[in-house]
Each structure stands twice: as C-alpha cells, then as structure tokens.
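Peer 1: My questions will all concern the structure given below.
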Amino acid sequence: MGAFATDVTRRLCDRLADARPAFEWEREYRLGSTPADIGGQAAGRLALVELEWRRADPADNAAKLFRHAVEGSIDADRIVLFQVFTRYYDLTDGGISSKRLNAEFVGRMAADAIEGLSYHPLELDLTPPKRGGERPAGWQETSDAAAGAITDRL
C-alpha cells in the first residue's frame, strides 16, 4: 500500500479503537501468513477489515480470509469481515464493477456457508489518487464515517 492508504488504514484503526475499546485492534493483523488490513479481537469475536483501495482482484482478499476460517486457523467463535471499497470500483454509469460484485458474492456465499461468520461490504467515499496524486479533500472525515459504519455493525 502507498502512504495515503496506510494513513487511511491507520486512521480507521485508531477510530475503531476509540469507539470499541473492548476489542484489541491492530493493523496488519496476521492470520498465519495472511495479513488483514485491520483486525480486532474481543471475547471470542474477531473483526477483520479489508480496505479495497485499487486491488485488481478484491474477491481474493475475502477468499483468503474465509479459507482460514474453514481450515480452523482462526481462534474465534464469531468472525465478521468488513470489506471497505473505495470509489475506484464505481462505474461511470452509476453501477459498480464486476470486481466488486464478485468480491461481494464470495463474501455472501462464505457467510451463508460458514457458521459464525458474517460479511459486510461497505464504502469509503473517496476516489484514491494515482501514485503521487493529491489526497482528496475531506479524506479524514470520510475515513471516520467508514469507521462509524463498521462500529455500528459490531
């Protein structure tokens, strides 16, 4: 991830820690050799946050975490995955890309198939700049709103 994505992830993690202090939050949360952007654990619950910035295949992010859940390498009774998509996945005609649709499909199927797992696709209302581009105005407030959407669902 670039510096801007790292700053957004850091801000999300800090806001989650402020809003849900019962969870122990960390960035680059490890599930074996697989990192999630953010993870938080509390009393048998694990919340994972994947920030989909400009990933070519966001379904892979979801699938790798679900694979760990099925293989039993996650020590939690309840797992919730928040997959947070930037506007990079929006289409000019008002729809969303098949990449995002596929990721959400994988998430819904996994939540239906794996006991104790829930899945929530969310939006981060910003278009990430290309490398070296300017950060959009209001990115902090947008990040805070995404953190609020996550905490509302925990």
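Residue numbering for the sequence shown is 219 to 372, as defined by the working numbering.
Every residue, glycine too, gets a C-beta built ideally from N, C-alpha and C.
If we call anything under 8 Å between Cβ atoms a contact, is Gly-258 one with Phe-284?
Peer 2: What you label residue 258 is simply residue 40 of the sequence shown in a count that begins at 1. What you label residue 284 is simply residue 66 of the sequence shown in a count that begins at 1. Not in contact: Gly-258 and Phe-284 (Cβ atoms no closer than 8 Å).
Peer 1: For Leu-264, count neighbouring Cβ atoms within 10 angstroms of its own Cβ and tell me buried if that reaches 16, exposed if not.
Peer 2: Numbered from its first residue, the sequence shown carries residue 264 at position 46. Leu-264 is buried by the Cβ-count criterion.
Peer 1: With DSSP as the reference, label Thr-304 as helix, strand or coil.
Peer 2: Sequence index remark: in the sequence shown, residue 304 carries index 86 (1-based). DSSP places Thr-304 in strand when its eight states are reduced to three.
Peer 1: Below 7 Å CB to CB, which residues in the same chain sit around Val-288 once its five sequence neighbours on both sides are set aside?
Peer 2: For the purposes of this step, residue 288 is taken as residue 70 along the sequence shown, with counting starting at 1. Counting only Cβ-Cβ distances below 7 Å, and skipping sequence neighbours, we find Ile-332.
Peer 1: Going by DSSP in three states, Leu-264 sits in which element: helix, strand or coil?
Peer 2: Counting from one through the sequence shown, the residue named residue 264 turns up at place 46. DSSP places Leu-264 in strand when its eight states are reduced to three.
Peer 1: Go ahead and label Ala-274 buried or exposed: buried means 16 or more other beta carbons lie within 10 angstroms of its beta carbon, across all protein chains shown.
Peer 2: As a working mapping, residue 274 is identified with position 56 in the sequence shown. Its Cβ having fewer than 16 others within 10 Å, Ala-274 is exposed.
Peer 1: Where does the unbroken beta strand (DSSP E) through Glu-246 begin, and where does it stop?
Peer 2: The residue given as residue 246 occupies position 28 in the sequence shown. It spans 242-249 - the beta strand (DSSP E) in which Glu-246 sits, taken as one unbroken run.
Peer 1: CB Ala-280 to CB Gln-301, shorter than 8 Å?
Peer 2: Taking the first residue of the sequence shown as 1, we reach residue 280 at position 62. Taking the first residue of the sequence shown as 1, we reach residue 301 at position 83. Taking 8 Å as the Cβ cut-off, Ala-280 and Gln-301 qualify as a contacting pair.
Peer 1: To the nearest angstrom, report how far apart Gly-325 and Ala-355 are at their CA atoms.
Peer 2: Taking the sequence shown and counting its residues from 1, one reaches residue 325 at position 107. Taking the sequence shown and counting its residues from 1, one reaches residue 355 at position 137. Gly-325 and Ala-355: Cα-Cα distance of roughly 31 Å.
Peer 1: Less than 8 Å separating the beta-carbons of Ile-314 and Leu-266?
Peer 2: Counting from one through the sequence shown, the residue named residue 314 turns up at place 96. Counting from one through the sequence shown, the residue named residue 266 turns up at place 48. No; because the gap between Cβ atoms is not below 8 Å, this pair is not in contact.
Peer 1: Here's the rule I'm using: 16 or more other beta-carbon atoms within 10 Å means buried, otherwise exposed. How should Ser-361 be labelled?
Peer 2: Start at 1 with the first residue of the sequence shown, and residue 361 comes out as number 143. When all chains shown are included, Ser-361 counts as buried.
Peer 1: Determine the closest residue to Thr-304 out of Leu-372, Ala-364, Ala-328, Ile-256, with distance taken between C-alpha atoms.
Peer 2: As a first step, residue 304 must be located in the sequence shown, where it is residue number 86. Closest by alpha carbon: Ala-364.
Peer 1: Since Glu-270 contacts Tyr-307 with CB under 8 Å, what's their CB separation in whole angstroms?
Peer 2: Position 52 of the sequence shown holds residue 270. Position 89 of the sequence shown holds residue 307. 7 Å between Cβ atoms; contact.
Peer 1: Rounded to whole angstroms, what's the CA-CA distance from Arg-233 to Ala-328? Just pull it up for me.
Peer 2: Here residue 233 refers to the residue found at position 15 when the sequence shown is read from its first residue. Here residue 328 refers to the residue found at position 110 when the sequence shown is read from its first residue. So the two alpha carbons sit approximately 27 Å from each other.
Peer 1: Tell me which residues share the same chain as Gly-334 and place their Cβ nearer than 7 Å to its Cβ, disregarding the 5 neighbours each side in the sequence.
Peer 2: Your numbering for residue 334 matches position 116 in the sequence shown. Contacts found: Asp-295, Arg-296, Ile-297.
Peer 1: Could you check which residue in Gly-350, His-338, Glu-359 has the C-alpha nearest to that of Leu-344?
Peer 2: Locating residue 344 in the sequence shown gives position 126, where the first residue counts as 1. If we check each option's Cα against that of Leu-344, Glu-359 comes out closest.
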